[in-house]
Amino acid sequence: AATAPGKKITARLKRTLPVRGPQAPTLSELMRWYCLNTNTHGCRRIVVSRGRLRRLLWILLTLSAVGLILWQCAELLMNYYSASVSVTVQFQKLPFPAVTICNINPYKYSAMKDYLSELDKETKKALETFYGFSEGKSKVRRSVDEWNSTGSDFFQQIPLLKVEDFSRTATDLHSGQKRKIEGSVFHKDSSIVNSGDSNDIIGFQLCDANNSSDCALYTFSSGVNAIQEWYKLHYMNIMAQIPLETKEKLSYSADDLLLTCFFDGLSCDKRHFTRFHHPLHGNCYTFNSGENGTILSTSTGGSEYGLQVVLYIDEADYNPFLVTSTGAKIIVHDQNEYPFIEDIGTEIETAAATSIGMHFTRSRKLSKPYSDCTETGADIPVENLYNKSYSLQICLHSCFQKAMVHSCGCAQYAQPLPAGAEYCNYKKNPNWMYCYYRLHEKFVKEQLGCQQICKDACSFKEWALTTSIAQWPSTVSEDWMLRVLSWDKGQKLNKKLNKTDLANLMVFYKDLNERFISENPANTLVILLSNFGGQLGLWMSCSVVCVIEIVEVFFIDSLSIVMRRQWQRAKKWWNDRKRGSSGKAPQASDVERQGHDNPVCIDEDLPTFTTALRLPLPQDSPLPRTPPPNYSTLRLETAFTEQLPDTLELGQH
208 AATAPGKKIT ARLKRTLPVR GPQAPTLSEL MRWYCLNTNT HGCRRIVVSR
258 GRLRRLLWIL LTLSAVGLIL WQCAELLMNY YSASVSVTVQ FQKLPFPAVT
308 ICNINPYKYS AMKDYLSELD KETKKALETF YGFSEGKSKV RRSVDEWNST
358 GSDFFQQIPL LKVEDFSRTA TDLHSGQKRK IEGSVFHKDS SIVNSGDSND
408 IIGFQLCDAN NSSDCALYTF SSGVNAIQEW YKLHYMNIMA QIPLETKEKL
458 SYSADDLLLT CFFDGLSCDK RHFTRFHHPL HGNCYTFNSG ENGTILSTST
508 GGSEYGLQVV LYIDEADYNP FLVTSTGAKI IVHDQNEYPF IEDIGTEIET
558 AAATSIGMHF TRSRKLSKPY SDCTETGADI PVENLYNKSY SLQICLHSCF
608 QKAMVHSCGC AQYAQPLPAG AEYCNYKKNP NWMYCYYRLH EKFVKEQLGC
658 QQICKDACSF KEWALTTSIA QWPSTVSEDW MLRVLSWDKG QKLNKKLNKT
708 DLANLMVFYK DLNERFISEN PANTLVILLS NFGGQLGLWM SCSVVCVIEI
758 VEVFFIDSLS IVMRRQWQRA KKWWNDRKRG SSGKAPQASD VERQGHDNPV
808 CIDEDLPTFT TALRLPLPQD SPLPRTPPPN YSTLRLETAF TEQLPDTLEL
858 GQH
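Okay, structure coming up:
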């Protein structure tokens, strides 16, 4: 079917009419069109300025403005994730914190002798061998159960050693023989690998049960530290095999520990304390634990309106090898927090009145992207073994315990048990001690990954403590006070009290000022956008519409032009390949199709005269001129070959 003449003319106009604007065929034409039509004055001045010097100056000014905008916007983005700290002080009635109290001696030594008789015997033998200490024939009653048999075998495997010279030989306590030191030597007092100067150093050697050549000697510069560390290792092994109900009976009851109690000027008793069993400190008692749903509060500051207790320490029933100090340990904490007494507990002296004044502070940090903290710990891939609110210490201890179970096959005694795990002991896990020391070494060096996984909590409460100590009871009141306390507790104690068995504790708010420290975003989204607009208007006289225009021209239109040019090249290559394979010469229609379709004429109407005038002239064709007249056309006979009849009649007349 023949094509209409109008459509042919429209198609030819599309191929030949020059294109301007976003649909220009080349990037240079697109950039020129953008500079002439944009609202940013610098780009327009680059095109319309006359003279190279002036154009160069406008190019430098425009590029400098763009650089300043990018720099300022980067600063704004960095400041967007910063936070400002605000401190608010409120004067109000404050909730009283939970106060956990433990005796430094976890279990009554008189009740533990049956379980510790073999260990105590080996310890006394070490003191006699190394230091000549002797207290005569031991009268410690031997136990007939399995504790002694299993312990004795293990004491032979891991005895105390005395390193005497530089030849890496040591004297075995149990056999008295000398043995060669294999493996690494670790100096525990300073956590530095011993370079070889090991003269008169006490320690013990741990070896891998599966590889006897893989050993490590742990040494101590002080014999006291060495014997205590060795004693604690065997002590934990023994305690791990005793049922929890039995251990609670071996420790101190509330009646044993508490002599008197006052809170907020009113008398209190053991019903206000909640017992929980700590692996290393035995029975501990928490005042105001909140387990019954009630949390006590105070409306007056000062020592008379806080907690006042008198504790019975019973120094005579202390384990002489396990603890070397006398008194109690306390920790002030929130009702939802676990009391890490072994980490941050405060020791209370005997024969003294200890006053602890508190300042209460609540802190709130912003989470991501402002800081790397966690709200509830749900995003931390570590199981909480303590059933308390998340804290960094809970995460670290839980992470180490999980690694202990995974690497050693059993759990460390000082931390809660994971589901399905058991505490380490010599019977089931003869290699646990060596594995524990190796694992703890990696934990301290941050090689287990726990410090990288665990994060600080975003919200926490803190009680800043100020401690003061005074002699108690005084010399003049000592006699009658001890008599009265002995009378009150005489039926249970059956002996006269000594002031070194007592400790007076007072915990109170110094004032009722609650400090609230919070982080707030330094910038909001509205402020950020306003700052962006100010920078764009200051340096480029630009707005949001200008930014959209830049995105459209420099990204969308430029990409469209590049893709269109690539498509044309691929199409031309394909046509040339087809002609080469068929052997046909290029036709005029093929040449015409090589040009691009001009998007100026987007409708199907016939071209107008104005549109035709916009057509460019061929480059090689001469300019059109009016041709000279042909005078032969004035002759009628040549113009009209036949004469009409009416003109013939006129000619005859």
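In terms of the working numbering, the sequence shown opens at residue 208 and continues consecutively.
Backbone N, C-alpha and C define an ideal beta-carbon position, used for all residues, glycine too.
Residue nearest to Glu-436 in terms of C-alpha spacing, selected from Tyr-459, Pro-450, Ile-409 and Gln-448: Residue numbering aside, residue 436 sits at position 229 when the sequence shown is read from its first letter. That would be Ile-409, whose Cα lies nearest to the Cα of Glu-436.
Between Cys-749 and Leu-743, what straight-line distance do the alpha-carbon atoms span, to the nearest angstrom? The residue given as residue 749 occupies position 542 in the sequence shown. The residue given as residue 743 occupies position 536 in the sequence shown. Answer to the nearest angstrom: the Cα atoms are 5 Å apart.
For Met-446, is the classification buried or exposed, using 16 other Cβ atoms within 10 angstroms of its Cβ as the cut-off for buried? Within the sequence shown, numbered from 1, the residue matching residue 446 stands at position 239. Classification of Met-446: buried, given that the 10 Å Cβ count is 16 or more.
If I measure Cβ to Cβ from Ser-675 and keep anything under 6 Å in the same chain, skipping five residues before and after, which residues do I get? Within the sequence shown, the letter at position 468 stands for residue 675. In its chain, beyond the 5 residues on either side, Ser-562 have a beta carbon closer than 6 Å to the beta carbon of Ser-675.
Classification of Ala-677 by the beta-carbon crowding that lies within 10 angstroms, buried from 16 upward: Along the sequence shown, one-based indexing puts residue 677 at 470. Under this definition Ala-677 is an exposed residue.
According to the Cβ coordinates, are Gly-534 and Ile-308 closer than 8 Å? By one-based count along the sequence shown, residue 534 stands at place 327. By one-based count along the sequence shown, residue 308 stands at place 101. No, these two residues do not count as a Cβ contact at 8 Å.
Tell me whether Ser-402 is buried or exposed, calling it buried when 16 or more other Cβ atoms sit within 10 Å of its Cβ. Along the sequence shown, read from residue 1 onward, the residue named residue 402 stands at position 195. Below a pLDDT of 50, predicted positions are generally treated as unreliable, and Ser-402, at 36, falls in that range; the measurement from the model is reported next regardless. With fewer than 16 neighbouring CB atoms inside 10 Å of its own CB, Ser-402 falls in the exposed class.
Let's test the definition: count the other Cβ atoms within 10 Å of the Cβ of Asn-495 and tell me whether it reaches 16, buried, or not, exposed. Here residue 495 is taken as the residue at index 288 of the sequence shown, counted from 1. So Asn-495 counts as buried.
State yes or no: is the C-beta of Cys-665 within less than 8 Å of the C-beta of Lys-595? Working through the sequence shown from its first residue, we reach residue 665 at position 458. Working through the sequence shown from its first residue, we reach residue 595 at position 388. Result no, Cβ atoms of Cys-665 and Lys-595 do not sit closer than 8 Å.
Exposed or buried, Gln-619, counting other C-beta atoms within 10 Å across all chains shown (16 or more means buried)? For this step, residue 619 is matched to residue 412 along the sequence shown. Label assigned to Gln-619: buried.
Answer yes or no: do His-768 and Leu-284 have a C-beta to C-beta separation smaller than 8 Å? Your numbering for residue 768 matches position 561 in the sequence shown. Your numbering for residue 284 matches position 77 in the sequence shown. Residue identity differs from the one stated: residue 768 is Ile in this sequence, not His. Not in contact: Ile-768 and Leu-284 (Cβ atoms no closer than 8 Å).
Within the same chain, show all residues whose beta-carbon is closer than 7 Å to that of Asp-579, passing over the 5 residues directly before and after it, in chain order. Along the sequence shown, one-based indexing puts residue 579 at 372. Taken in chain order, the residues that qualify are Lys-662.
Go to Trp-679, then tell me how far its alpha helix (DSSP H) extends in each direction, as first and last residue. For the purposes of this step, residue 679 is taken as residue 472 along the sequence shown, with counting starting at 1. Careful: Trp-679 lies outside any alpha helix (DSSP H) and carries neither H nor E.
When you compare each of Cys-280, Thr-707 and Cys-606 to Gln-658 by their alpha carbons, which one comes out closest? The residue given as residue 658 occupies position 451 in the sequence shown. Residue Cys-606 is the option with its Cα nearest to Gln-658.
Output needed for Phe-340: all residues of its chain with C-beta closer than 7 Å, excluding positions within five of it in sequence on either side, in chain order. As a first step, residue 340 is located in the sequence shown; it is residue number 133 there, counting from the start. Counting only Cβ-Cβ distances below 7 Å, and skipping sequence neighbours, we find Leu-334.
List the DSSP bridge partners of Asn-310. By 1-based counting over the sequence shown, the position of residue 310 is 103. Ala-535, per the DSSP bridge assignment.
What is the rounded straight-line gap between the Cα of Thr-507 and the Cα of Trp-679? Along the sequence shown, one-based indexing puts residue 507 at 300. Along the sequence shown, one-based indexing puts residue 679 at 472. Thr-507 and Trp-679: Cα-Cα distance of roughly 25 Å.
His-613: buried (16+ other C-beta within 10 angstroms of its C-beta) or exposed? Position 406 of the sequence shown, counting from 1, holds the residue named residue 613. That one is exposed.
Residue span of the beta strand (DSSP E) that contains Ile-365, given as start and end: As a working mapping, residue 365 is identified with position 158 in the sequence shown. Premise fails: Ile-365 is in no beta strand (DSSP E) and is neither H nor E.
Cα separation between Glu-544 and Lys-668? Position 337 of the sequence shown, counting from 1, holds the residue named residue 544. Position 461 of the sequence shown, counting from 1, holds the residue named residue 668. Taking the straight line from one Cα to the other gives about 10 Å.
Is the CB-CB distance between Leu-237 and Val-760 below 8 Å? Looking up residue 237 in the sequence shown gives position 30. Looking up residue 760 in the sequence shown gives position 553. Against a cut-off of 8 Å, the Cβ pair of Val-760 and Leu-237 comes out as a contact.
Going straight from the alpha carbon of Leu-267 to that of Trp-240, what length do you get? The sequence position of residue 267 within the sequence shown is 60, counting from 1. The sequence position of residue 240 within the sequence shown is 33, counting from 1. Distance between the alpha carbons of Leu-267 and Trp-240: 20 Å.
I'd like the list of long-range same chain contacts for Ile-276, defined as Cβ closer than 7 Å, with 5 residues on each side in sequence excluded. Within the sequence shown, the letter at position 69 stands for residue 276. Closer than 7 Å at Cβ, skipping near neighbours: Gln-742, Leu-743, Trp-746 and Met-747.
As assigned by DSSP and simplified to three states, the class of Cys-615: Position 408 of the sequence shown, counting from 1, holds the residue named residue 615. Correct three-state label for Cys-615: helix.
Compute the Euclidean distance between the alpha carbons of Asn-711 and Lys-649, then round it to the nearest angstrom. Residue numbering aside, residue 711 sits at position 504 when the sequence shown is read from its first letter. Residue numbering aside, residue 649 sits at position 442 when the sequence shown is read from its first letter. Each residue's alpha carbon lies about 41 Å from the other.
Please classify Gly-802 as buried or exposed, where buried requires at least 16 neighbouring CB atoms within 10 angstroms. By one-based count along the sequence shown, residue 802 stands at place 595. Confidence is the limiting factor: at Gly-802 the pLDDT is only 43, short of 50, which leaves the residue's position unreliable and the question unanswerable from this model.
I need the straight-line Cα distance from Val-539 to Glu-549, nearest angstrom please. One-based indexing of the sequence shown puts residue 539 at position 332. One-based indexing of the sequence shown puts residue 549 at position 342. Cα-Cα distance, rounded: 13 Å.
Between which two residues does the beta strand (DSSP E) containing Ser-788 stretch? To locate residue 788, count along the sequence shown from 1; it is residue 581. Premise fails: Ser-788 lies in the alpha helix (DSSP H), 765-789, not in any beta strand (DSSP E).
CA nearest to the CA of Asn-638, picked from Ile-365, Arg-262 and Asn-526: Reading the sequence shown from its first residue, position 431 is the one you call residue 638. Selected option, being the one with the closest Cα: Ile-365.
Roughly how many angstroms lie between the CA atoms of Tyr-459 and Thr-673, to the nearest whole one? Position 252 of the sequence shown, counted from the start, is the residue given in the question as residue 459. Position 466 of the sequence shown, counted from the start, is the residue given in the question as residue 673. One C-alpha to the other measures close to 28 Å.
Per-residue DSSP class, three states only, for Lys-315: Position 108 of the sequence shown, counting from 1, holds the residue named residue 315. DSSP, read as helix, strand or coil, puts Lys-315 in coil.
Hey, Phe-739 and Thr-505: beta-carbon distance below 8 Å or not? Indexing the sequence shown from 1 puts residue 739 at position 532. Indexing the sequence shown from 1 puts residue 505 at position 298. No, Cβ-Cβ distance for Phe-739 and Thr-505 is not below 8 Å.
Compute the distance between the beta-carbons of Phe-547 and Gln-622, then report whether it is under 8 Å. Counted from its first residue, the sequence shown places residue 547 at position 340. Counted from its first residue, the sequence shown places residue 622 at position 415. For Phe-547 and Gln-622, no; Cβs fall outside 8 Å.
Flag this pair as yes or no: are the beta carbons of Glu-721 and Leu-301 separated by less than 8 Å? As a first step, residue 721 is located in the sequence shown; it is residue number 514 there, counting from the start. As a first step, residue 301 is located in the sequence shown; it is residue number 94 there, counting from the start. For Glu-721 and Leu-301, yes; Cβs fall inside 8 Å.
Based on the DSSP secondary-structure assignment, which residues constitute the bridge partners of Gly-489? In the sequence shown, the residue the question calls residue 489 occupies position 282. His-485, per the DSSP bridge assignment.
Nonlocal neighbours in the same chain, by C-beta distance under 8 Å from Cys-484, ignoring five residues either side: Residue 484 sits at position 277 when you count from the first residue of the sequence shown. The displayed chain sequence assigns His, not Cys, to residue 484. Same-chain partners within the cutoff: Leu-451, Lys-454, Glu-455, Ser-458, Asn-490 and Cys-491.
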